[in-house]
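Protein chains in written order, with my numbering: chain A, -13 to 365; chain B, 3 to 468.
C-beta: ideal position from N, C-alpha, C; glycine also.
Following: one structure in structure tokens, then a few remarks.
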Amino acid sequence: MNKFKSIFTIALAFLFIFGFTFASVITPDKEISVTENSKLQQFPDLSLSFDFSKNIFSELKNNSNSIKGFTESFEKYTQHQFVLRDDFRKLKSDFVFDVYMQKDNNGYFMKNGYIFKNNNLLNLKNIEANTDRIEFYYNNLLSENNKVYLSIIPDKNYYLADKTALRLNYDRFYDIVLSKLDFAKYIDLSDKLTLDSYYLTDTHWRQEKIINVADFLISEMGAESTEDNVEILSTNKRFNGIYARQNFFETDGDEMLYVTNSVLKDAFLFDNTENVQMPIYNFDKIDSSEPYDMFMSSAKVGLVTLERREATTGKELIVFRDSFGSSIGPLLLSGYDKITFIDTRQILPAAIKNHVEFTNQDVLFLYSTTVLNDTNEFN
Amino acid sequence: MLFSSIPFLFYFLPIVISVYFVVPFRFKNFVLLISSLIFYGWGEPLYLIFMLISITQGYVFGLLIEKYKHSKWSKVFLTASVLFSLIMLGVFKYADFFIENFNVLTGMSVVTLKLVLPIGISFYTFQILSYAVDVYRGDASAQKNYINLAAYISMFPQLIAGPIVRYRDVAEQLDKRTHSFEKTSDGIRRFTVGLAKKILIANILGELVDAFKASEEKSVLFFWIYGIAYMLHVYFDFSGYSDMAIGLGKIFGFDFMENFNYPFISASITEFWRRWHMSLGSWFRDYLYIPLGGNRVSKLRFLFNIFVVWMATGFWHGAAWNFILWGLFFAVFLIIEKLFLLKFLKKANFFNHIYVLFLTLVSFILFDNTSLKSAVYYIGGLFGAGNIDFVNSETLYYLLSYAVLLFVAVIGCTPLPKLCYSKVGKTSVGKNVYCIIEPLLILGILVICTAFLIDGSFNPFLYFRF
């Protein structure tokens, strides 16, 4: 009996290990992970050389570093290219939630159908760096005739009712940012939004839920909203946002809706850096890895202008923004003839001056708490 | 390379096992040596040279010590070997510590060497030291086969984090060892248990420790959670690694000594150190404490011996004052117990366990903080120093999130699971059921561990810095 148990143990263990080794070796490598929306590590290169005419110790060290680089990349390669990678990741997620009953897996959790990511750590270094850059743009790009406004979009965790959840110290966050950026008039959006304003499976807000937010911003900036015939239309597509794709929660995803009105029907979007016109809503993007990019044809463009074909308001707006600006952008055109959207993560400040002359436009710095706290990518 | 990694489990190990079991016995040690050099060089290619130099000096001096065993030259060669080993260890591990402290004391600004610590140097250096001493004492014969000695010292199952294997314990096994289905299956079982301890318990407790350190609003309860989690994290990380090392040893036909024996059930600090990192404790006992005279000396000398041994034990763990203090912390309590406390502890059921757990919790906080200031801050936090709340929402979040894991870890560090498992296994029904269930359970654990490895990122063992 003992012998049977021993042989059975060896057989199962070796079958598993050898089996998956073999499967991973013969399975072609994938370039991209669709679920994670990221590139997968490919088999790394290793190049060794020894020049005997050079210092032997430095040659040894160089080759040693090459081997180290190879082994580090190889470890990542074996993780990324492991057969049934997504199934194993789902198994881990199930174990964390169902066996260990943990509240989150890699910081993600689901509550009442909404997927959240823990964001409780205040990153003072990022906040300082980002506010420094915003101050730089104010001091070096704007003219003294620009009216300057600031609005910070709370992430959806702000509206999480669960008192036991991890939350950013928003009071402290806003104190730090607002005291640094006191040159701008602050427009507080916190009571204009609710959890319902955000997608279930994505970090972004829903365009059809922020019409009132756009109107509020327009009126706070002294403009007047002139749109009518507001329609909320469906793309007839459901999508899984970034939070759902990186995890394995059971969700039906979000319905992709968009807003049109009389102003947008007679407007055009122009990419100033590539000199091409783009659709305001790019429906091809719905089936891409990033469906939110449908709004203003992606957030990953440095400088675009949204303009009415016929000027009626006499007002112009410049928005320094992140990806949240892509969906509210079209709604803001109701108060302006022309809006220039600048994403300083994609364009250098010096290049901005080639496309924009700062005179007396309204200028709005519109960023999310997520970008200001979690990233440090402003040029 | 780590045991708990995809390259090791699914590339290195299958290849090594395949080659090892195919070659005739006379080539098995060579296979182990080559695979161990690849294993070590994978993470530290340049420092292979230093390990090979250490092995070579151990080999040469071992032969010389034995050749001249009836003359004074034997002691000379032993001294040379010991000095060589200690200088190597001293330069790589302790040079900057001494330079920095010299600078503080003298006000000078001697430049530090900034040498990267070769992985496992503390472990293989101690193995070479024990080999030389054992040959000198006549406890073992010098190994004439370089491959065999090199295979023993560099053997990948225990090279980088122990257990510290004495040459005399494996000398015979190098030349003669058996392989069987039962031994291999025992090895697989042991390895899998160790893998689970590391990946499913230690790593996740490490996340809790990291969350505590990143928190900006710590509460008293969070300090206690941190202390308990860190203590358990070190135990499961280190004992898990030891289990994997012992399991791999069994697969290749070796029997390594046990390194942990449920230390948290101890009723005294004396007992704790007979259950924790036993291979290190016995090494210092046999090669430092007893040569100094042990307890067969005057009381004053005995106290001195304890302090020296525990200062060395602390210093072995790291080149920083907190490690030395950690060792001396235990020295103080070991002395107090030896002098009078032990007899009271033997009678004080339950309170003796609380005493041990509390002291080890505090000691591990000291162990975790190279800055004495932060160690004092963390220990003070246990008692509300700094006017902090007893509990807050963040603490509750983590307590609720990690409650099951903490429960599993607490039960897992006692003999209870093993006792229950063995009891059922002794019944005739249990024996039959285990024939099917146990292999399936091992497979299940391997699958879940693989899932965590694929989802996770880099997860080095704590004791690598040694």
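Using the rule of at least 16 other Cβ atoms within 10 Å of the residue's Cβ for burial, across every protein chain shown, is residue 19 of chain B buried or exposed?
buried
Measuring CB to CB, does residue 94 of chain B end up less than 7 angstroms from residue 79 of chain B?
no
Pairwise C-alpha distance: residue 126 of chain B and residue 120 of chain B:
11 angstroms
Within a Cβ cutoff of 7 angstroms, which residues of the same chain sit near residue 230 of chain A, ignoring the five residues on either side of it in sequence?
101, 187, 237 and 239
What residue range does the alpha helix (DSSP H) around residue 263 of chain A cover?
First-last for residue 263 of chain A: 262 to 264, but that is the beta strand (DSSP E), not the alpha helix (DSSP H).
If you draw a straight line from the C-alpha of residue 21 of chain B to the C-alpha of residue 95 of chain A, how long is it?
46 angstroms
Identify the continuous beta strand (DSSP E) that holds residue 306 of chain A and give its terminal residues.
302 to 307
Does any residue of chain B bring its CB to less than 7 angstroms from the CB of residue 224 of chain A?
no
Residues of chain B with CB under 8 angstroms from residue 10 of chain A, in chain order?
12
Check whether chain A comes within 7 angstroms of residue 312 of chain B, counting only Cβ atoms and requiring the distance to be less than that.
no
Report buried or exposed for residue 111 of chain A, applying the criterion of at least 16 other Cβ atoms within 10 angstroms of its Cβ.
exposed
Any beta carbon of chain A sitting closer than 7 angstroms to that of residue 391 of chain B?
no
Straight-line Cα distance separating residue 20 of chain A from residue 275 of chain A:
7 angstroms
Cβ of residue 65 of chain A within 7 angstroms of any chain B Cβ:
yes
Check the Cβ of residue 403 of chain B against every Cβ in chain A and list those closer than 9 angstroms, keeping chain order.
86, 87, 88, 89 and 90
For residue 496 of chain B, count the other beta carbons within 10 Å of its own beta carbon; 16 or more makes it buried, fewer makes it exposed. Which is it?
Here chain B comprises residues numbered 3 to 468, so residue 496 of chain B is not present and cannot be evaluated.
Can you pull the DSSP bridge partners for residue 91 of chain A?
A:94
Terminal residues of the continuous alpha helix (DSSP H) containing residue 127 of chain B?
123 to 139
Supposed contact pair residue 349 of chain A and residue 132 of chain A - C-beta distance, whole angstroms, cut 8 angstroms:
5 angstroms
Helix, strand or coil at residue 466 of chain B according to DSSP, with G and I counted as helix:
For residue 466 of chain B, the predicted structure reports a pLDDT of 47, less than 50, and the residue's modelled location is therefore unreliable. The matter cannot be settled from this model.
Can you name the residues of chain A whose CB is closer than 7 angstroms to the CB of residue 454 of chain B?
78
In this structure, does DSSP put residue 234 of chain A in helix, strand or coil?
coil
Assigned secondary structure, residue 230 of chain B (DSSP; H/G/I helix, E/B strand, else coil)
helix
Mapping the DSSP letters down to three states, classify residue -2 of chain A as helix, strand or coil.
helix
With three or more beta-carbon pairs closer than 8 angstroms as the criterion, would you say the region 183 to 196 of chain B touches the region 269 to 279 of chain B?
no
Counted within 10 angstroms of its Cβ, other Cβ atoms place residue 194 of chain A as buried (16 or more) or exposed
buried
To the nearest angstrom, how far is the alpha carbon of residue 7 of chain B from that of residue 409 of chain B?
26 angstroms
Nearest by alpha-carbon distance to residue 22 of chain A: which of A:58, A:169, A:228 and A:153 is it?
A:228
Tell me whether residue 27 of chain B is buried or exposed, calling it buried when 16 or more other Cβ atoms sit within 10 Å of its Cβ.
exposed
Output needed in chain order: residues of the region 161 to 185 of chain B with a Cβ under 7 angstroms from some Cβ in chain A.
183 and 184
Taking all protein chains shown into account, decide if residue 142 of chain A is buried (16 or more other Cβ within 10 angstroms of its Cβ) or exposed.
buried
Kindly say whether residue 450 of chain B, judged by its beta-carbon, lies nearer than 7 angstroms to any beta-carbon of chain A.
yes
Just to confirm the assignment, what range does the alpha helix (DSSP H) spanning residue 83 of chain B have?
75 to 91
Selected residue, minimal CA-CA separation from residue 291 of chain B, among B:186, B:306 and B:455:
B:306
Tell me where the beta strand (DSSP E) around residue 404 of chain B begins and ends.
Looking at the DSSP string, residue 404 of chain B is not in any beta strand (DSSP E); the run it does join, the alpha helix (DSSP H), is 395 to 414.
Using the beta-carbon count (16 or more within 10 Å), is residue 300 of chain B buried or exposed?
exposed
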